[in-house]
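In the working numbering, the protein residues as written are 7 to 354.
Backbone N, C-alpha and C define an ideal beta-carbon position, used for all residues, glycine too.
Owing to the predicted nature of the structure, the values given are computational and were not obtained by experimental measurement.
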């Protein structure tokens, strides 16, 4: 049973002015490329704005479309994660083809640091270590964390509603396709490399499989919460942070095996916690914060793509940290404003 206030809030969510409805769309368009390429120190501070603007159509367009698909169909976070994995394969396998290109990082500061060749699978033409890194970061940083952060700024009445109409979806789809074509056409990025027909067919098959699984009706069914209470939001946040940093430090086939097991265990545990009573947006934001803070910490440990002086690199890393802290603090403040504070433990 809903109250008059709740009915009015839902009605206001439908009748929002267009500009207000587009604010989260624009925010997600620009946050996705920043999280994907800048949050872990990939670019110096002076280059961030240009990177975000150029890559917003592709990264941001994908994030918006995935979020709209999940919210329109009721697929929720399972659909978002599966479609994010599909986007990761599209991006790394079909667009910039970094998944198959052994020289993709050859002209960057990562050329001598990469241990990708030690886990290369000759039959597939991919590095297992790079596959985990590329796809994992696209899922965690490009898609999931930006969506969680932007939705946390919205009221509960607007958070799970679609942001775009039919014309808006068409516009963002065209924007995404043009952005992807721009990246594919940039021969300096692919370095003249083109994946083989077999590799392209294999990547396309994986994408179609992930999309088919994401579309399963089971994700739209919400079982009743488990009798146990969800943990405090700090627990999933710290767990995501530790797993993100730990996996980022591993290398070689042992690292690949450990990464697969640890990430699978993390997903299993998060799914169990999400099915408990009391799980809410604060928990979702904590998971996003774990990934984003992990990326910000990693920025101090890895070089940017292009050579930079120690001072310039340090200043850029500090900028990344401050931006991440500001975004997350603002999101938590908005949740508190909407009355979504952590439960108070009963007095003993």
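Which residue or residues does DSSP assign as beta-bridge partners of residue 127?
Along the chain shown, one-based indexing puts residue 127 at 121. Residue 127 pairs with 132.
Leaving out five residues before and five after residue 154 in sequence, what residues of the same chain have Cβ atoms less than 6 Å from its Cβ?
Against the chain shown, residue 154 aligns to sequence position 148. Hits under 6 Å: 290, 291, 294.
State yes or no: is the C-beta of residue 100 within less than 7 Å of the C-beta of residue 221?
To locate residue 100, count along the chain shown from 1; it is residue 94. To locate residue 221, count along the chain shown from 1; it is residue 215. Here residue 100 is not near residue 221, since their CB atoms are 7 Å or more apart.
For residue 236 and residue 194, the rounded distance between their alpha carbons
For the purposes of this step, residue 194 is taken as residue 188 along the chain shown, with counting starting at 1. For the purposes of this step, residue 236 is taken as residue 230 along the chain shown, with counting starting at 1. The alpha-carbon atoms of residue 194 and residue 236 are separated by roughly 48 Å.
Using only alpha-carbon positions, find the residue among 135, 90, 39, 158 that is nearest to residue 264.
What you label residue 264 is simply residue 258 of the chain shown in a count that begins at 1. Comparing Cα positions, the closest option is 135.
Runs of 3 residues minimum, wholly inside the region 157-245: which ones carry the beta strand (DSSP E) assignment?
Correct list: 232-235.
Thinking C-beta only, is residue 250 closer than 7 Å to residue 48?
Within the chain shown, numbered from 1, the residue matching residue 48 stands at position 42. Within the chain shown, numbered from 1, the residue matching residue 250 stands at position 244. The answer is no: Cβ separation not under 7 Å.
With distances taken between CB atoms, is the gap from residue 77 to residue 160 smaller than 7 Å?
Your numbering for residue 77 matches position 71 in the chain shown. Your numbering for residue 160 matches position 154 in the chain shown. With contacts defined by Cβ atoms closer than 7 Å, residue 77 and residue 160 do not form a contacting pair.
Going straight from the alpha carbon of residue 303 to that of residue 46, what length do you get?
Your numbering for residue 303 matches position 297 in the chain shown. Your numbering for residue 46 matches position 40 in the chain shown. Answer to the nearest angstrom: the Cα atoms are 7 Å apart.
Leaving aside the five residues before and after residue 88 along the sequence, list all residues of the same chain whose C-beta is less than 6 Å from its C-beta, in chain order.
As a first step, residue 88 is located in the chain shown; it is residue number 82 there, counting from the start. Counting only Cβ-Cβ distances below 6 Å, and skipping sequence neighbours, we find 216, 219, 220.
Residue 283 (DSSP reduced to helix, strand or coil)
Start at 1 with the first residue of the chain shown, and residue 283 comes out as number 277. For residue 283, the secondary structure class from DSSP, reduced to helix, strand or coil, is strand.
Is it the case that the Cβ atoms of residue 314 and residue 182 are separated by a distance below 7 Å?
In the chain shown, residue 314 corresponds to position 308, counting from 1. In the chain shown, residue 182 corresponds to position 176, counting from 1. No.
What is the DSSP secondary structure of residue 346, reduced to helix, strand or coil?
For this step, residue 346 is matched to residue 340 along the chain shown. It is coil, neither helix nor strand.
Tell me which residues share the same chain as residue 346 and place their Cβ nearer than 8 Å to its Cβ, disregarding the 5 neighbours each side in the sequence.
Taking the first residue of the chain shown as 1, we reach residue 346 at position 340. Cβ contact annotation for residue 346 (same chain, cutoff 8 Å, sequence separation greater than five): 162, 286, 287, 288, in chain order.
By the three-class DSSP mapping on this structure, what secondary structure does residue 107 have?
Translated into the one-based positions of the chain shown, residue 107 becomes position 101. Under the three-state reduction of DSSP output, residue 107 falls in the coil class, being neither helix nor strand.
Coil, strand or helix - residue 306 by DSSP
Translated into the one-based positions of the chain shown, residue 306 becomes position 300. If DSSP states are grouped into helix, strand and coil, residue 306 belongs with coil.
As assigned by DSSP and simplified to three states, the class of residue 53
To locate residue 53, count along the chain shown from 1; it is residue 47. Taken through DSSP and simplified to helix, strand or coil, residue 53 comes out as helix.
Assuming residue 205 contacts residue 131 (C-beta within less than 8 Å), just tell me the rounded distance between them.
What you label residue 205 is simply residue 199 of the chain shown in a count that begins at 1. What you label residue 131 is simply residue 125 of the chain shown in a count that begins at 1. Going by Cβ atoms, the distance from residue 205 to residue 131 rounds to 6 Å, so yes, they are a contact pair.
Quick one: what's got a C-beta closer than 6 Å to residue 148's C-beta in the same chain, skipping five residues either side?
Position 142 of the chain shown, counted from the first residue, corresponds to residue 148. The beta carbon of residue 148 is closer than 6 Å to those of 38, 42, 65 in its chain, skipping five residues each way along the sequence.
CB of residue 97 within 7 Å of CB of residue 201, strictly
Taking the first residue of the chain shown as position 1, residue 97 is located at position 91. Taking the first residue of the chain shown as position 1, residue 201 is located at position 195. For the 7 Å CB-CB criterion, residue 97 and residue 201 do not form a contact.
Give the DSSP-derived three-state secondary structure of residue 150 in the structure shown.
As a first step, residue 150 is located in the chain shown; it is residue number 144 there, counting from the start. Assigned with DSSP and collapsed to three states, residue 150 falls in helix.
Assuming residue 56 and residue 325 make a contact with CB atoms under 8 Å, what is their CB distance in whole Å?
The residue labelled residue 56 in the question sits at position 50 within the chain shown. The residue labelled residue 325 in the question sits at position 319 within the chain shown. Incorrect: roughly 14 Å between the Cβ atoms, too far for contact.
What do you get for residue 335, buried or exposed, if any count of 16 or more other CB atoms within 10 angstroms of its CB means buried?
The residue given as residue 335 occupies position 329 in the chain shown. That one is exposed.
N- and C-terminal bounds of the alpha helix (DSSP H) containing residue 64
The residue you call residue 64 lines up with position 58 of the chain shown. Taken as a continuous stretch (DSSP letters only), residue 64 belongs to no alpha helix (DSSP H), as it is neither H nor E.
By Cβ distance below 7 Å, which residues in the same chain neighbour residue 14 in space, the five residues on each side in sequence not counted?
Locating residue 14 in the chain shown gives position 8, where the first residue counts as 1. Note that residue 14 has pLDDT 44, beneath the 50 cutoff, so the model's placement of it is unreliable and no number is given.
Which residues in the same chain have their Cβ closer than 7 Å to the Cβ of residue 213, if we skip the five residues on either side of it in sequence?
Stepping through the chain shown from its first residue, residue 213 is reached at position 207. Correct list, in chain order: 92, 95, 96.
Inter-residue Cα distance where the pair is residue 62 and residue 240
Here residue 62 corresponds to residue number 56 of the chain shown, with the count starting at 1. Here residue 240 corresponds to residue number 234 of the chain shown, with the count starting at 1. Across the structure, residue 62 and residue 240 are spaced so that their CA atoms are roughly 31 Å apart.
Quick one: what does DSSP say residue 113 is sitting in, helix, strand or coil?
Translated into positions along the chain shown, residue 113 becomes position 107. In the three-state DSSP reduction, residue 113 falls in the coil class, being neither helix nor strand.
Over what stretch of residues does the alpha helix (DSSP H) that includes residue 145 continue unbroken?
The count along the chain shown starts at 1 and reaches residue 145 at position 139. Here residue 145 belongs to no alpha helix (DSSP H), and DSSP marks it neither H nor E.
Identify the continuous alpha helix (DSSP H) that holds residue 91 and give its terminal residues.
Within the chain shown, numbered from 1, the residue matching residue 91 stands at position 85. Start and end: 82-95.
Proximity to residue 81 [Cα-Cα], best of 60, 226, 53, 70:
Within the chain shown, numbered from 1, the residue matching residue 81 stands at position 75. Nearest of 60, 226, 53, 70 to residue 81, Cα basis: 226.
Cβ-Cβ distance between residue 151 and residue 297 below 7 Å:
For this step, residue 151 is matched to residue 145 along the chain shown. For this step, residue 297 is matched to residue 291 along the chain shown. Against a cut-off of 7 Å, the Cβ pair of residue 297 and residue 151 comes out as a contact.
Do residue 70 and residue 36 count as a contact pair if the criterion is CB distance below 7 Å?
Sequence index remark: in the chain shown, residue 36 carries index 30 (1-based). Sequence index remark: in the chain shown, residue 70 carries index 64 (1-based). Between residue 36 and residue 70, the C-beta spacing is not below 7 Å.
Please report the distance separating the alpha-carbon of residue 340 from that of residue 158.
Mapped onto the chain shown, residue 340 falls at position 334. Mapped onto the chain shown, residue 158 falls at position 152. Near 7 Å, if we compare the C-alpha coordinates of residue 158 and residue 340.
Which same chain residues, not among the five before or five after residue 400, have their C-beta less than 6 Å away from its C-beta?
In this structure the chain extends from 7 to 354, so residue 400 is not present and cannot be described.
7 Å Cβ cutoff met for residue 74 and residue 170
Residue 74 sits at position 68 when you count from the first residue of the chain shown. Residue 170 sits at position 164 when you count from the first residue of the chain shown. Cβ atoms of residue 74 and residue 170: closer than 7 Å.
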